[in-house]
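Protein chains in written order, with our numbering: chain A, 1 to 177; chain B, 178 to 451. Glycine residues also receive a C-beta, built at the ideal position from the N, C-alpha and C atoms. Because the structure is a prediction, the values reported are computed rather than measured.
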Amino acid sequence: MPRLSADQRHTVAFTLNGLPVDGVAEPRMLLSDFLRQTLGATGTHVGCEHGVCGACTVEVDGMLARSCLTLAVQVDGASIRTVEGLAPAPDRLSVLQAAFRRHHALQCGFCTAGILMSLDAFLKANPEPDEAQVRDLLSGHLCRCTGYTPIVRAALEAAAELSAQDTAACQEEPAHA
Amino acid sequence: MKPAPFDFVRADSRAEALSVLKAEGTDARIIAGGQSFMAMLNMRLARPKVLVDIMRLADLATLSEAKGDVLVGAGIRQARLLAWDDLSRTLPLIAKALPYTGHVQTRARGTVCGSIAHADPSAELPLCLVALKGHVHLATAKAKRKVAAADFFTGMMATAKADDEMIEAVSFPVAGREGTAFREIARRHGDFAIVACGAVATDTGIRLAVGGVADVPTARDFPLLEGSALDDALNSFAYELDARDDVHASARYRRELVRRIGRATIEEALTCRA
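Here it is in structure tokens:
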């Protein structure tokens, strides 16, 4: 039974966007602070620090999680995805990110990292969502710029584009060997 | 807003978790999904000296139906229960109420038993436990006991759980032919309920549980009343809940919601009977 003492820093190692990372943290250190301050992964934003605003939402072992309601020591050995892991290449946006850009689904961008993580996970599980489902998901995030309408539009358009891609991929005939 | 320092114990077995509670008593707290408790730590409303993480205990992450009960282990997250294929058949009230608990993002991590342990008077799962006459299964290093929902919640965020006890599971009786309904009013979807109502209707009577008004979710059994008799009964119940004014709503508004939402919930439950 590992007991990590309050006054020492302990090694925390996990997979971040597919790459192994590690650092040291006091037991009380939040995952949001560990990502930003220890690992320098500042794409994840910190808003309210009590689980309400959703800005710090990341994916832990495939589950959406408020990183401000998660301790760094709790995710030792886990697989974590953050907004830095969404783009397929440094010069290319993901389908969802590109839709956000087209629809002006962000203004100041503070809430965007969390919303992208939620929508990315949600669209994988629900490839053909309706507007009510998207709005239900977005109820877990606060955005004070957009009024949400462009975010909903971007999400629905990204969903349509992603499922069209999936269909195309299915229909493609394998090349001759 | 950062938590005050604490030791962190990653329990590898139930016995280990319980031994820490026994040794540390009031200074130790269990952490599961952390969706309520982490916020309290961040705001330093809670300052335990030791935190015991139970989420790596596979034997607590069990969900089963046996002997007329659904047993939900302490490691079961809300999203897991909501996605359970048998939920609508076995616990239709919870299938209706759970989508109101927090948001997709918090249900992904928060546990069913954690919400019961937190005992927020406006929370949906404690209300369902009371409405359905469920039980809380508690354990210490030495003994186990089972507490009825009505006896478990003792006040606002206060329960009958002793400092050296841990919730191992909660159980809900499997639904029969009764009709159920759930409604709530909140500022925004997923916010704390101003008033939440859960109703269970059988051929002989109605049970209405109300959250968000009294210090604890409170249930009342009524005979099959109609018209003004039902209004009168709900009015008495609304006053007996001793609503208070707060920043979200006045006491009078809460009583009015009990009268109106209570009635709508009861009527819906009556029509849902098999």
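Would you mind sorting A/H176 into buried or exposed? The rule is 16 or more other CB atoms within 10 Å of its CB. With fewer than 16 other Cβ atoms within 10 Å, it is exposed.
Counting only beta-carbon atoms, is B/R286 nearer than 8 Å to chain A? For B/R286, the nearest beta carbon of chain A is closer than 8 Å to its own beta carbon.
Helix, strand or coil at A/D136 according to DSSP, with G and I counted as helix: Looking at A/D136 - three-state DSSP - the assignment turns out to be helix.
Quick one: what's got a C-beta closer than 8 Å to B/A192's C-beta in the same chain, skipping five residues either side? Taken in chain order, the residues that qualify are A318.
Express the C-alpha separation of B/L222 and B/A216 in angstroms, rounding to a whole number. Here the alpha carbons of B/L222 and B/A216 stand approximately 9 Å from one another.
Taking 8 Å as the threshold (beta carbon to beta carbon), is A/C68 in contact with chain B? Yes, because at least one Cβ of chain B sits closer than 8 Å to the Cβ of A/C68.
So, under 8 Å CB-CB, B/G252 and B/T288 are touching, yes? Tell me the CB distance rounded to an integer number of Å. Indeed, because the Cβ distance is near 7 Å, the residues count as touching under 8 Å.
Interface flag, B/M220 vs chain A, CB-CB below 8 Å: It does: the Cβ of B/M220 has a partner Cβ on chain A nearer than 8 Å.
Any beta-carbon of chain A closer than 8 Å to the one on B/F185? Interface residue, yes.
Excluding the 5 residues flanking B/A410 on each side, which residues of the same chain have their C-beta closer than 6 Å to its C-beta? Listed in chain order, the non-local C-beta contacts of B/A410 below 6 Å within the same chain comprise F399, L402, local neighbours out to five positions each way being set aside.
Proximity of B/M178 and B/M220 at Cβ, strictly below 8 Å: Yes.
Cα-Cα separation between B/T381 and B/L228, rounded to whole angstroms: In this structure, the alpha-carbon of B/T381 lies about 47 Å from that of B/L228.
Whose C-alpha, out of B/Y430, B/T331, B/L195, B/G439, is nearest the C-alpha of B/L315? Ranked by Cα distance from B/L315, the first of B/Y430, B/T331, B/L195, B/G439 is B/L195.
Could you tell me which chain A residues have their CB closer than 7 Å to the CB of B/H280, listed as they occur along the chain? By Cβ distance, chain A contributes S139, G140.
For a contact defined as C-beta to C-beta under 9 Å, what are the partners of A/H50 on chain B? Within chain B, the residues M178, M215, A216, M217, N219, M220 have their CB atoms less than 9 Å from the CB of A/H50, given in chain order.
What are the start and end residues of the alpha helix (DSSP H) that includes B/G439? Note, B/G439: alpha helix (DSSP H), 428-448.
Have a look at the DSSP bridge pairing and note the partners of B/S348. Note: B/S348 sits in a beta bridge opposite B/L248, B/H312.
Give the residues of chain B in contact with A/T57, contact being defined as C-beta atoms less than 8 Å apart. Scanning chain B for C-beta atoms nearer than 8 Å to the C-beta of A/T57 yields Q282, reported in chain order.
Counterpart residues of B/K323 in DSSP-defined beta bridges: Its beta-bridge partners are B/H314.
Using a Cβ-Cβ cut-off of less than 7 Å, give me the residues of the stretch 312-329 of chain B that come near chain A, in sequence order. Cβ contacts with chain A come from no residue of the stretch 312-329 of chain B.
Three-state secondary structure (DSSP) at B/P276? Looking at B/P276 - three-state DSSP - the assignment turns out to be helix.
Whose C-beta lies closer than 6 Å to the C-beta of A/A155 among residues of the same chain, with five residues either side of it excluded? Excluding residues within five positions, the ones whose Cβ falls inside 6 Å are L119, V134.
Name the one or two DSSP bridge partners that B/A300 has. Residue pairing by DSSP places B/A300 in no beta bridge whatsoever.
Which class does B/A451 belong to by DSSP, given the choice of helix, strand or coil? Note: B/A451 maps to coil in three-state DSSP.
Measure the Cβ-Cβ separation of A/C111 and A/L142 and say whether it is below 8 Å. Yes, the Cβ-Cβ distance between A/C111 and A/L142 is below 8 Å.
Keeping to the same chain, check which residues put their C-beta closer than 8 Å to that of A/R36; ignore five residues upstream and five downstream. Around A/R36: T42, T44, V46.
Return the chain-ordered list of same chain residues with a C-beta closer than 8 Å to the C-beta of B/E201, the five sequence neighbours on each side being excluded. Correct list, in chain order: K226, V227.
Specify the secondary structure class of B/L418 as computed by DSSP and reduced to three states. If DSSP states are grouped into helix, strand and coil, B/L418 belongs with coil.
Other residues of its chain near A/A6: CB distance less than 8 Å, five sequence neighbours each side excluded: Result list for A/A6: E26, P27, R28, in chain order.
Scan the stretch 182-208 of chain B and note each continuous alpha helix (DSSP H) run of 4 residues or more that stays entirely inside, going in chain order. The stretch 182-208 of chain B contains these whole alpha helix (DSSP H) runs: 191-201.
Going along chain A, which residues have a C-beta under 9 Å from B/H366? In chain order: R135, D136, S139.
Taking only the alpha-carbon atoms, compute the straight-line gap between B/L264 and B/R354 and give it to the nearest angstrom. Rounded to the nearest whole angstrom, the CA to CA distance from B/L264 to B/R354 is 15 Å.
Tell me whether A/G114 sits in a helix, a strand or coil according to DSSP, three-state version. Reduced to three states, the DSSP call for A/G114 is helix.
List, in chain order, every chain B residue whose beta-carbon is nearer than 7 Å to that of A/Q74. The answer, in chain order, is D230.
Do the stretch 265-272 of chain B and the stretch 356-376 of chain B meet, that is, are 3 or more Cβ pairs less than 8 Å apart? Short answer: they touch.
Cα-Cα separation, A/P129 to A/A121: Each residue's alpha carbon lies about 12 Å from the other.
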